[in-house]
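Engineer: Numbering (the working numbering), first residue to last: 642 to 784. Provided herewith is a single structure, encoded as structure tokens, for subsequent inquiry.
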């Protein structure tokens with residue numbers, strides 16, 4: 642895990658401290674998450690080193706491999722940290738590419754904000770839904 646983590650750290654070295662907290666979460670809990678996924682034969686079912694196309698299924702997999710509530714929350718938080726970082730770095734890469742190819746900067750920025758917002762909302766809503774279900778155990782809770 643360490644070589645991949647070093648690459649991730651390098652990509653974020655120029656960005657804000659906000660991103661550093663996600664890296665610290667991954668440094669603290671990433672190894673145990675990877676070990677658990679490997680021991681349960683689920684490492685190929687969860688994308689830790691690239692953006693996921695199905696947050697919900699992967700979070701369910703992470704919940705399934707955890708032993709107790711605390712571990713479920715820890716592993717979900719670690720997965721969320723991985724995905725936030727991948728989402729942000731991919732968004733920055735796409736923004737730079739789109740700006741280099743277009744003369745209409747305002748349109749590029751507008752599309753960037755809409756796309757990133759939608760992806761962030763999807764990731765965050767899925768994460769919050771999984772966490773709420775852990776606490777409420779599928780009981781109904783307010784919207």
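Positions of the beta carbon are idealized from the N, C-alpha and C atoms, including for glycine. All of these numbers come straight from a predicted model, not from anything done at the bench.
Using 10 angstroms around the beta-carbon of residue 762, count the other beta-carbons present and answer buried if the total reaches 16, otherwise exposed.
Structural biologist: Numbered from 1 along the chain shown, position 121 holds the residue referred to as residue 762. Classification for residue 762: exposed.
Engineer: Would you call the region 674-681 and the region 736-755 touching, i.e. three or more CB-CB distances under 8 angstroms?
Structural biologist: As far as the Cβ criterion goes, the region 674-681 does not touch the region 736-755, which means the pair count is below three.
Engineer: Mind the definition here: the region 701-708 touches the region 664-671 only if three or more C-beta pairs lie below 8 angstroms; say whether that holds.
Structural biologist: Contact fails: fewer than three Cβ-Cβ distances are below 8 angstroms.
Engineer: Quick one: Cα of residue 711 to Cα of residue 674, how far?
Structural biologist: Here the question's residue 711 lines up with position 70 in the chain shown. Here the question's residue 674 lines up with position 33 in the chain shown. For residue 711 and residue 674, the distance between alpha carbons rounds to 13 angstroms.
Engineer: Can you name the start and end residues of the alpha helix (DSSP H) that residue 710 belongs to?
Structural biologist: Sequence index remark: in the chain shown, residue 710 carries index 69 (1-based). Counting along the chain, the alpha helix (DSSP H) containing residue 710 begins and ends at 710-742.
Engineer: Check the C-beta distance from residue 649 over to residue 726 and give it rounded, since I have them as a contact under 8 angstroms.
Structural biologist: Taking the first residue of the chain shown as 1, we reach residue 649 at position 8. Taking the first residue of the chain shown as 1, we reach residue 726 at position 85. Residue 649 to residue 726, Cβ: 6 angstroms. Contact.
Engineer: Of the residues 709, 746 and 722, which one's Cα is nearest the Cα of residue 688?
Structural biologist: As a first step, residue 688 is located in the chain shown; it is residue number 47 there, counting from the start. Comparing Cα-Cα distances from residue 688 to each of 709, 746 and 722, the minimum goes to 722.
Engineer: Check residue 746 in the structure and name its three-state DSSP category.
Structural biologist: Mapped onto the chain shown, residue 746 falls at position 105. In this structure, residue 746 counts as helix in the three-state DSSP scheme.
Engineer: Let me check understanding here. Comparing Cα to Cα, which of 767, 730, 778 and 776 lies closest to residue 697?
Structural biologist: Mapped onto the chain shown, residue 697 falls at position 56. Per the Cα distances, 767.
Engineer: With a threshold of 6 angstroms on Cβ separation, who are the neighbours of residue 730 within its own chain once the five nearest residues in sequence on each side are excluded?
Structural biologist: Along the chain shown, read from residue 1 onward, the residue named residue 730 stands at position 89. The answer, listed in chain order, is 652.
Engineer: Out of 646, 775, 758 and 644, which has the shortest C-alpha to C-alpha gap to residue 714?
Structural biologist: Taking the chain shown and counting its residues from 1, the one referred to as residue 714 is at position 73. Comparing Cα positions, the closest option is 775.
Engineer: Alpha carbon to alpha carbon, how far is residue 751 from residue 758?
Structural biologist: Along the chain shown, one-based indexing puts residue 751 at 110. Along the chain shown, one-based indexing puts residue 758 at 117. Near 11 angstroms, if we compare the C-alpha coordinates of residue 758 and residue 751.
Engineer: Taking the C-alpha atoms as reference points, what is the distance between residue 801 and residue 724?
Structural biologist: Because the chain is modelled from 642 through 784, residue 801 falls outside the range shown and cannot be assessed.
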